[in-house]
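Student: The following block contains the structure, expressed as structure tokens.
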Amino acid sequence: MAACLLVLRGLFLVLLLHQTEQAVFLSASKANEVLVRWKRAGSYLLEELFQGNLEKECYEEICVYEEAREVFEDDTTTNRFWKWYMGGTQCDSQPCLNNGSCQDSIRSYICNCSRGYEGRNCAYAKNECHPERTDGCQHFCHPGQESYTCSCAKGYKLGADGKSCVPNDTNEEKCACGILKPECIVALKRSNQDLQNIPWQVKLTDSKGKDFCGGVIIQEDFVLTTAKCSLMHRNISVTTCKKSQP
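Heads up: the sequence shown is residues -22 to -1, 1 to 224, going by mature numbering (1 follows the signal peptide of the UniProt record, and there is no 0).
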């Protein structure tokens, strides 16, 4: 009798455990229905069905131009969104001067200058000399009616670009600057000094005795320097370099 009770108790526990397992655990198919991960709007099919979702993706993630183009399906609208997305409207600050018109670009802008002006921001008049520019005349600049013209110091001629200066011949090029070479000494030797060890470079000094630029002696009373240096101070002194020590 006791044995029968033990068997019945065991069967009861097995049935109870089975019912509990069914209540707690789900089948694989049921679990997949709960845990399924819905694809975001970035998937191919949903991109075709929900075009507006990609614009939101450009805020949540970094998108590329082609993805934005697929959303708007229009070049004008896409370009307007893309310019804003990549840095905003660059022309808001009105960077173009002298009545120049501004054209927005991606994180940049382009100035269409009015007649008679040039430069990135249309700040330079074409007929005026601007010593602060690095692409101006190499030696001398002369303002004109429509544009400026360039000229060179004696012994030089204008280059093909109309701005740079090149030596007239090969011998002058060898003697242009620095330590004199033997073939240059004969033409320049005016005393018993050894010119081979004397560079013909000079220092430009302001009224306070401070060096601010350099130059090159072209003739006995003529020094060549840049236009920018010549305009930096009103009173300029020229100091020759000391004889180099062996």
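Backbone N, C-alpha and C define an ideal beta-carbon position, used for all residues, glycine too.
Because the structure is a prediction, the values reported are computed rather than measured.
State the Cα-Cα distance for the pair Asn90 and His117, rounded to the nearest angstrom.
Tutor: 29 Å
Student: Can you tell me which of the three DSSP states Asp53 falls into?
Tutor: helix
Student: Helix, strand or coil for Asp189 per DSSP?
Tutor: strand
Student: Can you list, in chain order, the residues of its chain with a C-beta nearer than 6 Å to that of Thr127? Leave out the 5 residues immediately preceding and following it.
Tutor: Here the set comprises His120.
Student: Can you tell me whether Val216 is buried or exposed? The criterion is at least 16 other CB atoms within 10 Å of its CB, across all chains shown.
Tutor: Residue environment for Val216: exposed (fewer than 16 other C-beta atoms within 10 angstroms of its C-beta).
Student: Can you name, in chain order, every residue of its own chain whose Cβ lies under 7 Å from the Cβ of Asn99, other than the five neighbours on each side?
Tutor: Pro73, Cys74, Leu75 and Cys89
Student: To which residues of the same chain is Ser208 closer than 6 Å at the C-beta, ignoring the five residues directly before and after it?
Tutor: none
Student: Since Thr218 contacts Val194 with CB under 8 Å, what's their CB separation in whole angstroms?
Tutor: Going by Cβ atoms, the distance from Thr218 to Val194 rounds to 11 Å, so no, they are not a contact pair.
Student: Verify the CB distance criterion: does Glu44 have a CB-CB separation below 9 Å to chain D?
Tutor: Judged by its chain identifiers, the structure shown contains no chain D, having just a single protein chain.
Student: Below 9 Å between beta carbons: does that hold for Ser125 and Lys141?
Tutor: no
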